[in-house]
Amino acid sequence: MGETTPSAAAKQQGLVPGTVIYTGDKTSSDLYIEVFDYNKDSFEEKELNDIEEAFRYAESEPVTWVNINGINHTEAIEKIGKHYDLHPLILEDIANTQQRPKIDEYENYLFVVLKMLYFDKDEKLAIEHISFVVGKGYVISFQEADGDVFDAIRNRIRTGKGRVRTMGADYLLYALMDAVVDNYFNLIETMGEKIEELEDDLFEEKPNDNITYDIQSQKREILKIRRAVFPLREVVNRIEKMEHPLIHEKTQFYLRDLYDHIIQVSESIDIYREMIWGLMDMYMTTISNKMNEVMKVLTIIASIFIPLTFLAGIYGMNFENIPELKFKYGYYILWGVMIITFFSLLYYFKRKKWL
Amino acid sequence: MGETTPSAAAKQQGLVPGTVIYTGDKTSSDLYIEVFDYNKDSFEEKELNDIEEAFRYAESEPVTWVNINGINHTEAIEKIGKHYDLHPLILEDIANTQQRPKIDEYENYLFVVLKMLYFDKDEKLAIEHISFVVGKGYVISFQEADGDVFDAIRNRIRTGKGRVRTMGADYLLYALMDAVVDNYFNLIETMGEKIEELEDDLFEEKPNDNITYDIQSQKREILKIRRAVFPLREVVNRIEKMEHPLIHEKTQFYLRDLYDHIIQVSESIDIYREMIWGLMDMYMTTISNKMNEVMKVLTIIASIFIPLTFLAGIYGMNFENIPELKFKYGYYILWGVMIITFFSLLYYFKRKKWL
Amino acid sequence: MGETTPSAAAKQQGLVPGTVIYTGDKTSSDLYIEVFDYNKDSFEEKELNDIEEAFRYAESEPVTWVNINGINHTEAIEKIGKHYDLHPLILEDIANTQQRPKIDEYENYLFVVLKMLYFDKDEKLAIEHISFVVGKGYVISFQEADGDVFDAIRNRIRTGKGRVRTMGADYLLYALMDAVVDNYFNLIETMGEKIEELEDDLFEEKPNDNITYDIQSQKREILKIRRAVFPLREVVNRIEKMEHPLIHEKTQFYLRDLYDHIIQVSESIDIYREMIWGLMDMYMTTISNKMNEVMKVLTIIASIFIPLTFLAGIYGMNFENIPELKFKYGYYILWGVMIITFFSLLYYFKRKKWL
Amino acid sequence: MGETTPSAAAKQQGLVPGTVIYTGDKTSSDLYIEVFDYNKDSFEEKELNDIEEAFRYAESEPVTWVNINGINHTEAIEKIGKHYDLHPLILEDIANTQQRPKIDEYENYLFVVLKMLYFDKDEKLAIEHISFVVGKGYVISFQEADGDVFDAIRNRIRTGKGRVRTMGADYLLYALMDAVVDNYFNLIETMGEKIEELEDDLFEEKPNDNITYDIQSQKREILKIRRAVFPLREVVNRIEKMEHPLIHEKTQFYLRDLYDHIIQVSESIDIYREMIWGLMDMYMTTISNKMNEVMKVLTIIASIFIPLTFLAGIYGMNFENIPELKFKYGYYILWGVMIITFFSLLYYFKRKKWL
Amino acid sequence: MGETTPSAAAKQQGLVPGTVIYTGDKTSSDLYIEVFDYNKDSFEEKELNDIEEAFRYAESEPVTWVNINGINHTEAIEKIGKHYDLHPLILEDIANTQQRPKIDEYENYLFVVLKMLYFDKDEKLAIEHISFVVGKGYVISFQEADGDVFDAIRNRIRTGKGRVRTMGADYLLYALMDAVVDNYFNLIETMGEKIEELEDDLFEEKPNDNITYDIQSQKREILKIRRAVFPLREVVNRIEKMEHPLIHEKTQFYLRDLYDHIIQVSESIDIYREMIWGLMDMYMTTISNKMNEVMKVLTIIASIFIPLTFLAGIYGMNFENIPELKFKYGYYILWGVMIITFFSLLYYFKRKKWL
């Protein structure tokens, strides 16, 4: 997400609105479809090859969850669109990874977009586009690729733990969104650890060479996270307040709780944001402190030895008539003077707290 | 736009409100008029010499798009104004390139102003003033000069691809605005690349000489873009919410989508804005780091050789009685002392991590 | 305006509210009264000696504009107040140059305060206090001194150009306010030029000595302009929205246009504000860059000659037994060593890009 | 106010809400009570020893103003509370100097808290807590100590100048608040002068030693002033809008005017705030500029004399075979070389504009 | 609170919503239950071993306060939940220390979350999670561990001082919240002292080594405090405005007062926040000032002795023909020249105010 990647912008430029085109970079994902069909008493789980099989399930029982990985397979999205009579702009948004989190309310269904965030194997922030279509008795979830944060929910459906089996599609939507938001906490935590590491590096004054770059990257990441998370507040708030036959009153308590969680994440993000902005100043003072130290060493050594060298220079002169040169202990007296000068200057710097 | 150019302010100063005067700098553009007249089944495309010919088209068929390049030809604008009975302030705004994006709602027509943004051949941000008058069955678009982002729409009208031929003038307005906004994504992308280039320059510490100036220019450009894009949010929002017979319910879904896109652009702009503001700090630390390096070299060399020079100075003195001078290996012993001092200091600096 | 000048605060302190006292510094302005009395077909222009003559005009014909320069003549203000039955607080505000832009709505009249801005002959920002009383068929304008931006309007009244002669007092109010706001564009332009000059000075690194002071002054000026212009947005917005028998529907289009212009000025002000704030950072980096250059010169020269001087010092020692001194080509060999050292160091600094 | 002083927090901790306890530091103030009892035609002024005497006055005539200095005498506050049946929380707030400006509306009376600001004899910002209880026909004002800004009002009551004698208790409340706000202008003025002094010190580069501290103090003071003044906007706005039988329509014009004044003060405060924040940057550049100057002196002297000393060192060497030493004019030639080097370097630094 | 600690996030990840799990770090707290059961005339205080005993009290008399320390004992929370029929999400929030301050309104009870703040024995900010369930005639308070700020209230219940015994459960809720907020004032005070200490350290220029770290820590702490305190404004405001049978009109005055206090704390927090942000700048100038001083010492000593050493070098040369060397008083004359040079340079530096 973050920036519109060149390819993404290029892909969309000049297209008919409503064209279903995948704008992300996981273009080689396989299409994977799984169905959970459940009610209070029973449940069925199945992996499908063809999206059309899923439609049969969606009709039959109280709640059906169809999860689709691989939104690069736009033809599957289009089939679903045709079956459920979804608005073409929704189909576009399912495949358009640039779409920000939002909720669209239609008469027969709701459409929710949000972002799954995680640090990938290179410790880089990855943003995966997820969208949900919620209708009477079904939830269809669309993901970019395999791997998600919904395993706990899958297990709860299988084992019948918690409320999920006893409630409707709206609760399932809540549960899925809650899983995504819960995962934000992990992300924020990792973020916090990274910042503390940077702070410690700065404090121990052993900054790795590219600390400016690291700080700037952190800024960029926190801004991207903000952008992925903050619109979600409005989304959840609107779902909670919405008077739509698909959202039951009982679920609203849960949505309010979810809203609370997002606010919490948002606040943490803003705290980290301020901390990161402070890091640059902290780094600047670190550099200046180091410079101070360097300058002190130079000043102390130069200030002590330059005058002494001058004295030695004096008695290295070749004037025919320099009486001191003939003194028997002249050399020793000069050493005495030099040593006294040396320690006086040392004492002076000590008093100035430069040593 | 950005700043009111001297000429622009001078031109308008003291004029009767409603005077149609072109305030931009493309004063030598030729007048170019093209007409697209279409319905579901047929379409006609024509280049016109005289604006009055266009009026005939606008009356006949469901949708007519009259595109006029060269708003410096104010007499043509005035003719249109007379024909469609447009308010004199609208005519002024069509020609006034200083006008910010806005929507004016009249009983029989809507008036929309927005800005087309692109980087010109000198890589400078160029802002072109575009306005639309939308009435029953017609859209008139006014541009400063040839060259625009509407080719995809022209093609869609010609080929009948997408919805444009089956819908009304309000959809055409949407399509034209959408083309402008889609192009913002390209702009933002280029902006992002420029910023990353600057960041890389700073990181590789080979900043080109005028990097401060570059950063300040980027700031200026992002502020100008903000100013051209941000009012558009309000414009599109108001068109979507507006209950005007010219805007059909079906088009509102598309306008909401357009609104979403503008929010996305706005968010990117604000992210880049924060990144640019951070660049100056990053540059400052880069400079300070370099200074540190310079100072370290000076300090190391001076701190090593100044004391050694002092030692050499001592034995360059001409005291008659300096016993060491007469030692057989005095010279070699001194070399020994010097070499030990040299390596001790080297070790000291190594331990301080200055080497 | 900007700061309350000592005298201004002192003058007002402890006075009965509603006391008419001039708080500006143009205390020696002469009283100058001019009247424009016009309708669609005829107009009369007269310079008056006595304010009471003006009342006669105001009654007779459709629109009368009484312009009064010299609000230090508070007795004239009081006479007008008595004649038109104005609230004492209005009279106070006419003379109180500290009063910020505002609109007060009374049953029979409107009272508008705004600020005329210009750069005086010393290139300093000057702020002149202007207020308007608008009643049925008359506008009374109050200015601090001679010289204003209304000449274009005077001419339009004389020649009957534009709409002014065909419309009412509300349109005249609009026209006068529009003239003031149009002039803001000039001001903003000059401001922009000043900032660009400062930027160029900084970039060419020949900053005049007091650039910090200049930047701080610019900040102060932009803040004062902001303060004079920003409240006007609310003022014009309220006049436009107001349902007052004095404001006709036809004039509202013009007021909306005026509002647009003020927003435009406001946006420019905020852009310049950000640019000025950036200048200080820019200056800081300029200083640091210069320091870097200075340090490099010192470091290069010291780092090259301090080791060489040490070498020379070695062979200036007086040890009896220094074999090298007796070598036939010792002196030449040493020169060789020194020259090699010299160029090695030069090469080292070259590679570090310090040369 | 500013910070809760330790004693203040300690005093209040764990007390029953509604306990009347003085939290300020003027604990040795004497109790001083004065009464102004007036109507259109007559007035009486009296100094009282006992608060109970005041109650008699408050009942008799149209308007009675009871002014009480010394809110450390909490027993007097409690007596008033009992007599007028005031809510215990009001009594607490009268004595609690930590209380921020506010308005509390009760059925029979209004309670207003605000802050009197002045610079004390040490030029430090002093904040005095003032509160008003306004009922039918009476105003009771509570101050911490003697000395206030109400003398002009006392005189107006005595002489019958202005409207105060002809209007009710609500106008008296307005007049007293207006006097406090008028005094803010003086304060703001002094603040402005201080800032300009600091700016001039910085500009003339003779910053007194503790300028950082001074700037930080100014920041602290402006923040405290903000905090004392800004809530007053809301207070006055609410009184003006309030539909309470104690506030007459006629007085609302005056309150609107007062509101205007507070806005003006607030704007000045924010301008000064930005100026102060800018001072730190200004100081930073001043320091850096000075450093630059110091470094230039060092660089020029070192860069000129280090190479020359090297040359002298060369010919101080004791090689047996240094042909130049035997040249007749060797010494003079060397002087020539040295002088040329000296002026070349001087010219170089001149060209670099370091001299 | 502040950051979600790793364990906390890990604990909650993937759990069924409504699972009661303690996420804090005081996992070894003992369960401690105390009951205050009182009315106007009598009161009973008891320490309980089993939570179920408490239910008996809650039913009997007008007001019962059950205080529970040790929310790590989640089984006790669950029992209460079952007895009072609390929503599972409330039980989760009682134990979830990450929960931000909030108010949840249910038909039969209110649920309030807030944060108790204090500096622990290591002078670190500690945040303790407190929640209240308020029903008809009872308040249940949940704390993480022993030690709180409610002793004053316990005493007031015991002695019957103040209003607490004469009023209902809503007043008790107010009193408990008020105690928490009162304690914020102490916290803020300590914060203020810490900041002033840092300021003084910076001013006396004896910054302890890790002052950057200290400042950054203060930032972090003030951000955490903000986060714990600011949502409380909304909470108290909502309770005050709420029309719930549990909140009586009489208590609303007290809640408004409490709201006022929170605003006061919030304002102080924001003032300190700005002061802390200013500290980094202050530190930066301190460092730069020190650097300036160091550089001055170096410059003065080097600038004086380098030229003198050059002079000595000249007369240390071995040219055969250096006439000055043979002058009888050559040596003394040179000394004279050197001393004059020395004092001239000293005078120069004096005039530049570097000495």
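Chains as they are written, first to last, in the numbering used here: chain R, 187 to 541; chain Y, 187 to 541; chain Z, 187 to 541; chain C, 187 to 541; chain B, 187 to 541.
Beta carbons are placed, not taken as given, at the ideal position from N, Cα and C, and that holds for glycine.
- TYR304 of chain B has its alpha-carbon roughly 11 Å from the corresponding atom of MET377 of chain B.
- Chain C has no Cβ within less than 8 Å of the Cβ of MET524 of chain B.
- Annotated three-state conformation of LYS436 of chain B is helix, per DSSP.
- In chain order, LEU444 place their CB closer than 7 Å to the CB of ASP364 of chain Z, counting only its own chain and leaving out the 5 sequence neighbours on each side.
- Nearest CB-CB separation between ALA488 of chain C and chain Z: below the 8 Å threshold.
- Boundaries of the alpha helix (DSSP H) around GLY378 of chain Y: 355-389.
- Minimum Cα-Cα distance from ASP446 of chain R among the listed residues B:ASP467, B:LEU511, B:LEU275 corresponds to B:LEU275.
- Apart from sequence neighbours up to five positions away, the residues of its chain that approach LYS212 of chain Z with a beta-carbon distance below 6 Å are GLU330, ALA331, ordered along the chain.
- Counting every other CB atom within 10 Å of its CB across the protein chains shown gives THR345 of chain R a total below 16, marking it as exposed.
- Pairing PHE535 of chain C with MET461 of chain Z, the inter-Cα distance amounts to about 34 Å.
- For the region 336-354 of chain R, the set of positions with a beta-carbon nearer than 9 Å to some beta-carbon of chain B reads ASP337, ALA338, ILE339, ASN341, ARG342, LYS347, GLY348, ARG349, VAL350 in chain order.
- Collapsing the DSSP output to three states places TRP251 of chain Y in a strand.
- Counting C-beta pairs with one atom in each stretch, the region 478-493 of chain Z and the region 484-493 of chain C have three or more that are closer than 8 Å, which means they touch.
- Here VAL319 of chain C really is in contact with ILE326 of chain C; their C-beta atoms are around 5 Å apart, less than 8 Å.
- With fewer than 16 neighbouring CB atoms inside 10 Å of its own CB, THR352 of chain B falls in the exposed class.
- Look at the region 236-304 of chain C and you find these whole runs of beta strand (DSSP E), each 3 residues long or longer: 249-255, 288-291.
- Secondary-structure assignment with DSSP links ALA414 of chain R through no beta bridge to anything.
- Taking a Cβ-Cβ cut-off of 7 Å, the neighbours of ASN396 of chain R in chain Y comprise PHE389, given in sequence order.
- Going by DSSP, SER327 of chain Z is part of the beta strand (DSSP E) stretching over 324-329.
- In the three-state reduction of the DSSP assignment, LEU541 of chain C falls in the coil class, being assigned neither a helical nor a strand state.
- Between ILE280 of chain Z and ILE257 of chain Z, the C-beta gap is smaller than 8 Å, which places the two residues in contact.
- Checking the DSSP bridge columns, you'll see ALA338 of chain Z has no partner listed.
- Exposed is the label assigned to SER530 of chain Y, since fewer than 16 other Cβ atoms lie within 10 Å of its Cβ.
- At a cut-off of 8 Å between beta carbons, SER530 of chain C makes no contact with chain B.
- Per DSSP, reduced to three states, the secondary structure at GLY321 of chain B is strand.
- Within chain Y, GLY499, GLY502, MET503 have C-beta atoms less than 9 Å from the C-beta of GLY499 of chain R, given in sequence order.
- TYR469 of chain B is positioned such that its CB atom lies closer than 8 Å to that of THR471 of chain R.
- Proximity of GLN404 of chain B to chain R, defined by a Cβ-Cβ separation below 8 Å, is not satisfied.
- For HIS273 of chain Z, the nearest CB of chain C lies under 8 Å from its own CB, placing it at the interface with that chain.
- Of Y:VAL451, Y:TYR218, Y:ASN396, the smallest CA-CA separation from ALA262 of chain Y is found for Y:TYR218.
- Taking a 10 Å sphere around the C-beta of PRO509 of chain Z, we find fewer than 16 other C-beta atoms and assign the residue as exposed.
- The beta carbon of PHE513 of chain Z sits closer than 8 Å to those of ILE519, all from its chain and outside the five residues before and after it, given in chain order.
- In the three-state DSSP reduction, PHE535 of chain Z falls in the helix class (H, G or I).
- For the region 507-518 of chain R, the residues whose beta carbon sits under 7 Å from a beta carbon of chain Y are, in order, LEU511, LYS512, LYS514, GLY516, TYR517.
- Judged by their CB atoms, ASN396 of chain B and ASN504 of chain C are not nearer to each other than the 8 Å cut-off.
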